[in-house]
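Take the sequence shown: its letters are residues 0 to 174, numbered as in numbering that gives the first Met the number 0. We put the beta carbon where it would ideally sit given N, CA and C, even for glycine.
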Amino acid sequence: MKGWDVLSKFENENLLITRNNLLNEMNLLSDEEFNYTPGKKSWSIAQICNHLALTEEIFAKAIAYGLKKSNISAEPKKIDFLLDRSNKLEAPEIVMPQIESAETHQIIDQLSNSRNLLNNILNTVEDTSILVDKSVKHPYFGDLPLYQWIELIYLHEQRHIEQIKEIKSLYQTTR
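Set out below in structure tokens:
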């Protein structure tokens, strides 16, 4: 396997489709709706998207680290439970939203920058088997093969897209 090829077709499609779904959910939101917080312990759509960009950036850096430094191989973990939002997870401090409010274009720029970072790192991969063979420790899953870090990016976005849909619905009922 050469380049970001066999594994990449599936992963790239999932990354692209999920990101497009996220951007579609953000499309046409007013600043008020984008920054609406449904409760004290809730995040706004802007904050969720900021969290997603921060997470993708951290994951990209973890993948880069794994590509260069990891000698650890790990068995794949069951990670799709992430889509079940009844499983509550506390975001690590490093990926907590760093904004109170934002304009949509600012967050789209952040998401674009984090995706460019990820793509730049993945484009250095000449043999995708390395993504299966190397792993990096994840805060919730322990040692995780690098390809599963990629899967987590779009599964995580899918989880939060559902949250965004709920917030949009809540916003509509308060108006």
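Alpha carbon to alpha carbon, how far is residue i from residue j?
i: residue 135; j: residue 145; result: 7 Å
i: residue 78; j: residue 151; result: 7 Å
i: residue 22; j: residue 157; result: 12 Å
i: residue 153; j: residue 172; result: 29 Å
i: residue 124; j: residue 63; result: 10 Å
i: residue 13; j: residue 38; result: 31 Å
i: residue 85; j: residue 49; result: 22 Å
i: residue 117; j: residue 24; result: 22 Å
i: residue 104; j: residue 54; result: 19 Å
i: residue 138; j: residue 90; result: 10 Å
Count the other CB atoms, across all protein chains shown, that sit within 10 Å of the CB of residue i; report buried if there are 16 or more and exposed otherwise.
i: residue 174; result: exposed
i: residue 147; result: buried
i: residue 170; result: buried
i: residue 101; result: buried
i: residue 88; result: exposed
i: residue 95; result: exposed
i: residue 27; result: exposed
i: residue 69; result: buried
For residue i, tell me which candidate among the options has the shortest Cα-Cα distance.
i: residue 51; options: 129, 93, 70; result: 93
i: residue 65; options: 43, 142, 86; result: 142
i: residue 133; options: 73, 35, 149, 157; result: 73
i: residue 163; options: 88, 42, 27; result: 42
i: residue 168; options: 83, 35, 90; result: 35
Between residue i and residue j, how many whole angstroms is the CB-CB distance? I'm expecting something under 8 Å.
i: residue 98; j: residue 45; result: 6 Å
i: residue 76; j: residue 140; result: 5 Å
i: residue 57; j: residue 159; result: Contact doesn't hold; Cβ gap of about 15 Å is too wide.
i: residue 59; j: residue 120; result: 5 Å
| For the region 117 to 171, which segments carrying the alpha helix (DSSP H) assignment without a break, of at least 4 residues, lie completely within its bounds, in sequence order? | 128 to 132
| field | Secondary structure, alpha helix (DSSP H): runs of 4+ residues fully inside the region 60 to 124 | value | 103 to 121
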